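**Q**
Residue numbers (the working numbering): 1 to 139.
1. Would you give the residue range spanned by the alpha helix (DSSP H) that residue 97 belongs to?
2. Is it the case that the Cβ atoms of residue 90 and residue 56 are separated by a distance below 7 Å?
3. Could you tell me which of 137, 9 and 129 sits nearest to residue 23, measuring between CA atoms?
4. Are the beta-carbon atoms belonging to residue 62 and residue 126 less than 7 Å from one another?
5. In three-state terms, what does DSSP make of residue 49?
6. Classify residue 32 as buried or exposed, calling it buried when 16 or more other Cβ atoms lie within 10 Å of its own Cβ.
7. Would you mind reading off the limits of the alpha helix (DSSP H) that contains residue 132?
8. Does DSSP classify residue 76 as helix, strand or coil?
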């Protein structure tokens, strides 16, 4: 069998503060499921990505699962479950390097930032907006 093609390493673009006041209502994450387990809270969140923002026919939001440890104010894990943006561009946020930056990230500091993926800024922002929705729900 031929080896799986290896995706090139992600190129990160601009940093984006996680806590932002300027997220328009149409781009805010919407929590669709909440599970509490062993002190952690896991939120499944839908957030508008490029396809929804650009109003493509049949566009669906991106879906992100965020696990928080509220006692320690740490993001335990971020899993991008579904990306409904441009193949080969927006789906770069599915790569492990993107989600890995959030593991064990403290959100105690309101100025905490995340890296967006170069050429997939809107998709990256949708994931960060999903995280923001989870953090706001957990206040």
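Think of the CB as a built atom: it goes at the ideal place given N, C-alpha and C, for glycine as much as any other residue. Bear in mind the structure is a predicted one, so any value in this text is a computation, not a measurement.
**A** Let's see:
1. Run containing residue 97: 96-100, per the alpha helix (DSSP H) assignment.
2. For residue 90 and residue 56, no; Cβs fall outside 7 Å.
3. 129
4. yes
5. coil
6. Taking every protein chain shown into account, the CB of residue 32 has fewer than 16 other CB atoms within 10 angstroms, so this residue is exposed.
7. 121-137
8. strand
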